[in-house]
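Okay, so here's the structure we're looking at.
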Amino acid sequence: MILDPLPPQDTNPLAAVQRRPDETLHAYLLRCQEELSGRIQLLAAVRDAYIQILGMERIRWRRCKLLLAFTGPVIASLAYAGLAWPP
1291 MILDPLPPQD TNPLAAVQRR PDETLHAYLL RCQEELSGRI QLLAAVRDAY IQILGMERIR
1351 WRRCKLLLAF TGPVIASLAY AGLAWPP
């Protein structure tokens, strides 16, 4: 299970980077770019992990459906063969 990196109760919103009083505009913009790009990379990594987990779950469900689809007729035919030809 993957934990949410930015839960709703987090006091640090995604797009708000506070400007420091002694910071120039250029330094502030550079710091914003670095912080937000780091957050975007984190969110992209979480998204990729969720997509991978979803793909694995789809494969597992597909295998279960195929197993059920092929096992049902086999069990029915074996039961018929067992009832049709008693020992």
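Sequential numbering from 1291 applies to the sequence shown in our numbering.
All C-beta atoms, glycine included, are put in the ideal place defined by N, C-alpha and C.
Quantities reported herein were computed from a predicted structural model and do not represent experimental measurements.
Inset, instruction - Identify whether residue 1310 lies in helix, strand or coil by the three-state DSSP scheme. - result: DSSP places residue 1310 in coil when its eight states are reduced to three.
Legend entry - Beta-carbon proximity of residue 1329 to residue 1318, cut-off 8 Å: Cβ atoms of residue 1329 and residue 1318: not closer than 8 Å.
Inset, instruction - Determine the direct distance from the alpha carbon of residue 1331 to that of residue 1314, and round the result to whole angstroms. - result: For residue 1314 and residue 1331, the distance between alpha carbons rounds to 26 Å.
Inset, instruction - Check whether the Cβ atoms of residue 1322 and residue 1307 lie closer than 8 Å to each other. - result: Cβ atoms of residue 1322 and residue 1307: closer than 8 Å.
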